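Report on one structure; see the data block that follows.
Residue numbers (the numbering used here), protein chains in the order written: chain A, -13 to 230; chain B, 86 to 487.
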């Protein structure tokens, strides 16, 4: 299968005054379409930096990043913005929904930066909300929703533009264990049923267990890259809560 | 763009008190500009109109006391006589009409009404020189002057105060206990460029004022009209040399009189009103500037508060310009609302000022358009720095901002 993400010997070095901090120290990584990859590591291991580079929020100091065979490592700020808009979806630990903005408007946010929103887009958003168990919440505001619901809104926002990769940075970090499972099942479903490629950053082993491949970073280098122990069991049989 | 407008409007609505206070700064600024400009333009139009009515060919000759005069007032006034005035009329080729003038302030009585006003002595040509119209009756004649007739022509204000709605012609008024017959009423002329009521006056033959009221032989001033407006400079020279000769002034002596052109006098007044307009306008601009600083301040707070939102927008694909325009639109919408409200407020205030202050105001649509455009520019100018700062944020750091 084709590699949609290809990192070749990527370095990220931050200069803070006279001190140089090497956050990524020669990372090479290939991700194929439809994969579900967890990136693990202690804090300071470089997993956030790797996430930022994969998410086109930052450019590597050295090395190459190909996204769907396009080298994006030398793209300008505006080009990167366009890549993020068209090919990437983000789910954050703190949801990052816009307050005093309705759920529908939160979900359609990526679309307003690329086109005029059509009736079809709205229909699609409504359908997505049904799938994610967010029916009837269209006109609600984020603060009226539970944490799990808010994260599902964030997931809807991340996939509204049919991204090549969905990047989830500690998506369950602010959720209790029941809701965490719920959110992880949503991601697993998206991966399995809709074929969305997911890259997940977490430090929790049981959350990483939902992925089919685990990449462990240490000191800016790939320490191990192994199939997840639980990936032997088909994803559909992963423990599942009833959608709340 | 529509989407960005929606975002900006929502951001403004989110913090209503803060937004309205910011808008208030612009309202006051734009309102002040409108008021000052309208009053300034009104004053200018008024002075211009007055200047036309004054006649561009009128010269005023007034005596001034010579340097050796012990009592300035008396010594000075003696130097100009009616004979001087007739000599000017006869000998200066560029002068078409002349009239002696003498002024005093006294009480005029009709029945049980009295009114203190300026009494001016004049010759028959006074009306032609001033280009004044009569509302009723007749003007002073040479015959009236010759026989020191006890007749008078009243200004509108005097008529209003003494007669009310009655027709004063052929009625008798008393000045210093002498009865005067009213022979005519002058048409209303309104205020002079210096703000005096030109209708608050009584005209009598100058001889009558000299002998019957004041008991003097000299005159207070003289009016002369020149054949054309352009010949007034030549006329000033002719009059000056004639009077120097008649007053037997030696070459090293200063003039004991002065010749003033109405035009030059009026332009001085106009210059003064223009300076006032500029001064007031600058103060108004300063308040608009302060309003602009208010916008910048609020936009800086707003962009800092919304750092995380900016980071998120960038993460989902907002380009630098999208963020820049989002905040520029926000600040411009704030300032435009302020501009519109300020214009309404300004129009209202200037109408109020001109109504209660008796001050003319003139509002032209170009000046309103300029004020509105200006308020927009204030929004763009003062909103640019915060908006640019926001658009230059690093999305990673912005997302991490707490």
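Each residue gets a CB set at the ideal place from its N, CA and C atoms; glycine is no exception. Remember, it's a predicted structure, so these values are computed and weren't measured experimentally.
With DSSP as the reference, label residue i as helix, strand or coil.
{"i": "residue 167 (chain A)", "result": "helix"}
{"i": "residue 99 (chain B)", "result": "helix"}
{"i": "residue 99 (chain A)", "result": "coil"}
{"i": "residue 233 (chain B)", "result": "coil"}
{"i": "residue 332 (chain B)", "result": "coil"}
{"i": "residue 126 (chain A)", "result": "coil"}
{"i": "residue 207 (chain B)", "result": "strand"}
{"i": "residue 131 (chain A)", "result": "coil"}
{"i": "residue -1 (chain A)", "result": "strand"}
{"i": "residue 470 (chain B)", "result": "helix"}
{"i": "residue 459 (chain B)", "result": "helix"}
{"i": "residue 364 (chain B)", "result": "helix"}
{"i": "residue 443 (chain B)", "result": "coil"}
{"i": "residue 224 (chain B)", "result": "coil"}
Which residues in the same chain as residue i place their Cβ atom closer than 7 Å to its Cβ, once the five residues preceding and following it in sequence are excluded?
{"i": "residue 411 (chain B)", "result": "89, 92, 93"}
{"i": "residue 327 (chain B)", "result": "172, 173, 176, 177"}
{"i": "residue 209 (chain A)", "result": "202, 203"}
{"i": "residue 200 (chain A)", "result": "24, 26, 194, 212, 214"}
{"i": "residue 31 (chain B)", "result": "The structure shown has nothing for residue 31 (chain B), since chain B only spans 86 to 487."}
{"i": "residue 42 (chain A)", "result": "58, 66, 69, 70, 74"}
{"i": "residue 159 (chain A)", "result": "79"}
{"i": "residue 414 (chain B)", "result": "89, 90, 93"}
{"i": "residue 466 (chain B)", "result": "377"}
{"i": "residue 156 (chain B)", "result": "Unreliable placement is indicated for residue 156 (chain B), whose pLDDT of 45 sits below 50; the coordinate value is still reported in the next sentence. Within the same chain, residue 156 (chain B) has no close Cβ partners at all."}
Checking 9 Å against the spacing of the C-beta atoms, do residue i and residue j come in under that value?
{"i": "residue 85 (chain A)", "j": "residue 66 (chain A)", "result": "no"}
{"i": "residue 116 (chain B)", "j": "residue 447 (chain B)", "result": "no"}
{"i": "residue 346 (chain B)", "j": "residue 180 (chain B)", "result": "no"}
{"i": "residue 144 (chain B)", "j": "residue 344 (chain B)", "result": "yes"}
{"i": "residue 89 (chain A)", "j": "residue 113 (chain A)", "result": "no"}
{"i": "residue 97 (chain A)", "j": "residue 147 (chain A)", "result": "yes"}
{"i": "residue 96 (chain B)", "j": "residue 398 (chain B)", "result": "no"}
{"i": "residue 294 (chain B)", "j": "residue 439 (chain B)", "result": "no"}
{"i": "residue 95 (chain A)", "j": "residue 145 (chain A)", "result": "no"}
{"i": "residue 56 (chain A)", "j": "residue 183 (chain A)", "result": "no"}
{"i": "residue 416 (chain B)", "j": "residue 472 (chain B)", "result": "yes"}
{"i": "residue 291 (chain B)", "j": "residue 146 (chain B)", "result": "no"}
{"i": "residue 37 (chain A)", "j": "residue 155 (chain A)", "result": "yes"}
{"i": "residue 149 (chain A)", "j": "residue 78 (chain A)", "result": "no"}
{"i": "residue 383 (chain B)", "j": "residue 419 (chain B)", "result": "yes"}
{"i": "residue 198 (chain B)", "j": "residue 247 (chain B)", "result": "yes"}
{"i": "residue 260 (chain B)", "j": "residue 287 (chain B)", "result": "yes"}
{"i": "residue 134 (chain A)", "j": "residue 165 (chain A)", "result": "yes"}
{"i": "residue 426 (chain B)", "j": "residue 108 (chain B)", "result": "yes"}
Please work out which residues of its chain come closer than 8 Å, Cβ to Cβ, to residue i, disregarding the five sequence neighbours upstream and downstream, and give them in chain order.
{"i": "residue 368 (chain B)", "result": "117, 121"}
{"i": "residue 129 (chain A)", "result": "85"}
{"i": "residue 226 (chain B)", "result": "209"}
{"i": "residue 63 (chain A)", "result": "none"}
{"i": "residue 340 (chain B)", "result": "149, 325, 328, 329, 334"}
{"i": "residue 474 (chain B)", "result": "385, 388"}
{"i": "residue 190 (chain B)", "result": "201, 202, 203, 204"}
Leaving aside the five residues before and after residue i along the sequence, list all residues of the same chain whose C-beta is less than 6 Å from its C-beta, in chain order.
{"i": "residue 512 (chain B)", "result": "The structure shown does not extend to residue 512 (chain B), since chain B spans only 86 to 487, so no value can be given for it."}
{"i": "residue 118 (chain A)", "result": "138, 142"}
{"i": "residue 359 (chain B)", "result": "none"}
{"i": "residue 151 (chain B)", "result": "Unreliable positioning characterises residue 151 (chain B) in this predicted model, as indicated by a pLDDT of 49, which lies under 50. A coordinate reading is not provided."}
{"i": "residue 480 (chain B)", "result": "396, 399, 400"}
{"i": "residue 376 (chain B)", "result": "110, 111, 114"}
{"i": "residue 275 (chain B)", "result": "none"}
{"i": "residue -2 (chain A)", "result": "9, 10, 35, 46, 47"}
{"i": "residue -4 (chain A)", "result": "10, 13, 46, 49"}
Report task. Return the residues of the region 118 to 148 of chain B that lie within a Cβ-Cβ distance of less than 7 Å from chain A, sorted by chain order. Result -> none
Requested in this report: Report the residues of the region 404 to 415 of chain B with a CB closer than 9 Å to any CB of chain A, ordered along the chain.
Outcome: 404, 405, 406, 407
**Report entry** chain B contacts made by the region 89 to 121 of chain A, where a contact means CB separation under 7 Å
**Finding:** 95, 96, 98, 99, 100
Query raised in the report: What are the residues of the region 429 to 454 of chain B that lie near chain A, defined by any Cβ-Cβ distance shorter than 8 Å?
Result: none
Report task. Can you check the region 155 to 214 of chain A for any alpha helix (DSSP H) of at least 4 residues that lies completely inside it and give the ranges in chain order? Result -> 163 to 180, 191 to 194
Query raised in the report: Which residue spans inside the region 50 to 99 of chain A form an unbroken alpha helix (DSSP H) run of at least 4?
Result: 63 to 73, 89 to 93, 95 to 98
Query raised in the report: Along the chain, which unbroken stretches of the beta strand (DSSP E) at least 3 residues long are found entirely within the region 372 to 414 of chain B?
Result: none
Query raised in the report: In the region 159 to 183 of chain B, which residue ranges form an unbroken alpha helix (DSSP H) of at least 4 residues, counting only runs that do not cross its ends?
Result: 167 to 176
**Report entry** Residues, ordered as in the chain, of the region 144 to 165 of chain A that lie near chain B by beta-carbon distance below 7 Å
**Finding:** none
Query raised in the report: Can you list, in chain order, the stretches of the beta strand (DSSP E) that have 3 or more residues and sit fully within the region 228 to 311 of chain B?
Result: 236 to 239, 257 to 260, 263 to 271, 286 to 290, 306 to 311
Query - Completely contained beta strand (DSSP E) runs for the region -10 to 49 of chain A, where each covers 3 or more residues - result: 5 to 18, 22 to 26
Query raised in the report: For the region 468 to 480 of chain B, which residues have a CB atom closer than 8 Å to at least one CB atom of chain A, in sequence order?
Result: 480
**Report entry** chain B contacts made by the region 70 to 86 of chain A, where a contact means CB separation under 9 Å
**Finding:** 70, 71, 72, 74, 75, 76, 78, 80, 82, 83, 84, 85, 86
Query raised in the report: Which residues, taken in chain order from the region 36 to 51 of chain A, show a beta carbon closer than 8 Å to some beta carbon of chain B?
Result: 38, 41, 43, 44
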